[in-house]
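Down below is the structure, laid out as structure tokens.
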Amino acid sequence: MAGSERQISARTVLFALAMGGFAIGTTEFAAMALLPSFAQDLGVSEARAADAISAYALGVVVGAPVLAVAGAKMRKRMLLIWLMLAFATFNTLSALAPTFGLFTLSRFASGLPHGAYFGVAALVAASIVPRNKRATAVSRVFLGLTIATTIGVPAASWLSQFIGWRSGFVIVGALSLATALAVYLKAPRTPADPDANPLRELGALKNRQVWLTLATGAVGFGGFFAVYTYIASTVQSTLGASDDMVALMLMVAGFGMTIFNLLMGALADRNLNLTAFASFGGGAIVLALFPAAVAGGLWTMALAVLCMSILGGVSTVMQTRLMNVAGEAQQLAASLHHAAFNVANAVGPFLAARVIAAGHDFPAAGYVGAALSAGGFLLFMLTLWDARRSGLE
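The sequence shown: position 372 = 372 (the UniProt record's numbering), numbered continuously.
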């Protein structure tokens, strides 16, 4: 009976943490869908409006290490609550921003808690389950993020048509407050580590295995974003399909990420290294075939989009790997993981854009994605070689 109660408690905690992932995923991806609306309302071009999306990503990169180090001595439960309260505040300010400048500033501020929240939430999730179930627990936290791409983003986009684009950010603010309350009620009241301090967390920056793991995720997952960013353009411009088909294709991607996130979490608990190689290798193969899949029409493209989401499970695998190699600097290393993945979000589309600007059609982004995914595969090989040479494996 005691074991059953503990299991139910763990599920409740993971659900509360996943709520935060849902809120974060909704605002991160919905901003792309709402870009034309807020660009028009705030009186800027769509090209300039994209600066607000970049500002959010920059906030993630800056906030992840800074907040992880600053909160080193706090109890993880309280740190998560404060991070979600900040996220609620800044997203609400995004909804109220009267000018594009203030909107961009609020988007930067909204990104600050992102990486630290996921990093600390992953550590809390791993702490409430047996060691051989850690990857599965982490995948449950990230489940909120992947479900957001399937449900949250389309819902925010749909609501914006009736009550305006600002409603999407208001909803995210409300979800963030609900998450803060759920974490307050359900997260374990574990005391802070008395030996924790910012200097110990900064020790992660001296750990070569941490840097190699971060680089693996930043490069390898960039392959996914190289193609995901241009899904709408591929559907509309290359295949000449309607906006409804764009929404459907994005939902296929979100569904695939959700399924593969859960699958890779379970497989990583059995063999983390093999799961990482399967994710990067499988992603590289599918992305290399993406142009041919698009040439076959919408159905074959949808199949390719579904299968390329195998890379969606990489986040769970790399997060768990960081827990294994970070030593005492767990909080900073776990938070840096999401800074690295936002680097992937910048690098993948940037390199794909260079290929498209050179005169190639949008499906050519698949070749860029394949190269980046293969790069992740090779970097992970290097990571394991370095670990074995250092006696860590």
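C-beta atoms are modelled at their ideal positions from N, C-alpha and C, and glycine is treated no differently. Computed from a predicted structure; not experimentally measured.
Of the candidates Gly366, Gln330, Gln331, Pro36, Pro36 places its Cα closest to the Cα of Arg48. Going by DSSP, Arg388 is part of the alpha helix (DSSP H) stretching over 365-389.
Shown here, Glu328 sits in coil according to DSSP, grouped into three states, outside any helix or strand. Rounded to the nearest angstrom, the Cβ distance from Gly144 to Ala64 is 18 Å, too far for a contact under 8 Å.
Straight through space, the alpha carbons of Phe87 and Leu181 are spaced by roughly 13 Å. Secondary structure remark: continuous alpha helix (DSSP H) runs of at least 4 residues inside the region 230-309, in chain order: 243-270, 272-288, 290-295, 298-308. Per DSSP, Ser176 is one residue of the alpha helix (DSSP H) stretching across 166-186. Inter-residue distance for Thr99 and Arg107 is about 12 Å (C-alpha atoms, whole angstroms).
Following the DSSP letters along the chain, one finds Asn207 in no alpha helix (DSSP H), marked with neither H nor E. Out of Ala326, Leu289, Leu102, Ala126, the CA that lies nearest to the CA of Leu202 is found in Ala326.
Separation of the CB atoms of Gly173 and Thr92 is rounded to 4 Å, and the pair is thereby assigned contact status at 8 Å.
DSSP places Thr89 in the uninterrupted alpha helix (DSSP H) bounded by 76-96. Ranking Ala55, Phe255, Asn132, Gly111 by CA distance to the CA of Ala148 puts Phe255 first.
In the three-state reduction of the DSSP assignment, Arg140 falls in the helix class, which pools H, G and I. DSSP, reduced to helix, strand and coil, places Asp361 outside both helices and strands of the structure shown, so it counts as coil.
Ranked by Cα distance from Ile171, the first of Phe90, Gln331, Val124, Pro130 is Phe90.
Here Leu306 has Val252, Gly256 as same chain residues with Cβ atoms under 6 Å from its own Cβ, once five neighbours each way along the sequence are excluded. Judged by beta-carbon spacing, Ser335 lies beyond the 7 Å limit of Leu311, meaning their Cβ atoms are not closer than that value.
Here DSSP, grouped into helix, strand and coil, assigns Gly111 to helix. For Phe221, the three-state secondary structure derived from DSSP is coil.
The straight-line gap separating the alpha-carbon atoms of Arg389 and Val69 is approximately 30 Å. Across the structure, Gly25 and Arg11 are spaced so that their CA atoms are roughly 20 Å apart. Scanning its chain for C-beta atoms nearer than 6 Å, with the 5 sequence neighbours on each side dropped, one finds around Val61 the residues Ala339, Asn342, in chain order. The criterion of a C-beta distance shorter than 7 Å is not satisfied by Gly220 and Leu287. For Pro36, the uninterrupted alpha helix (DSSP H) segment begins and ends at 35-41. The three-state reading of DSSP puts Thr99 in coil, since its state is none of H, G, I, E or B. A Cβ-Cβ contact shorter than 7 Å links Leu379 with Ala215. In terms of CA proximity to Ser167, Ser94 leads the group Ser94, Glu328, Ala346. Taking C-beta atoms as the reference points, Thr238 and Phe38 fail to come closer than 7 Å. Shortest Cα-Cα distance from Arg140 to any of Asp51, Ala226, Phe260, Leu102 involves Phe260. In this structure, the CA atom of Ser157 is about 7 Å from the CA atom of Ala30. Taking a contact to require three or more Cβ pairs closer than 8 Å, the region 282-297 and the region 112-128 do not qualify as touching. Going by C-alpha positions, Val347 is about 9 Å away from Gly223. Its chain contains Ala364, Ala365, Tyr367, Val368 as the residues whose beta carbon lies nearer than 8 Å to that of Val355, once the 5 sequence neighbours on both sides are disregarded; these appear in chain order. Around the CB of Asn345, 16 or more other CB atoms lie within 10 Å, so the residue is classed as buried.
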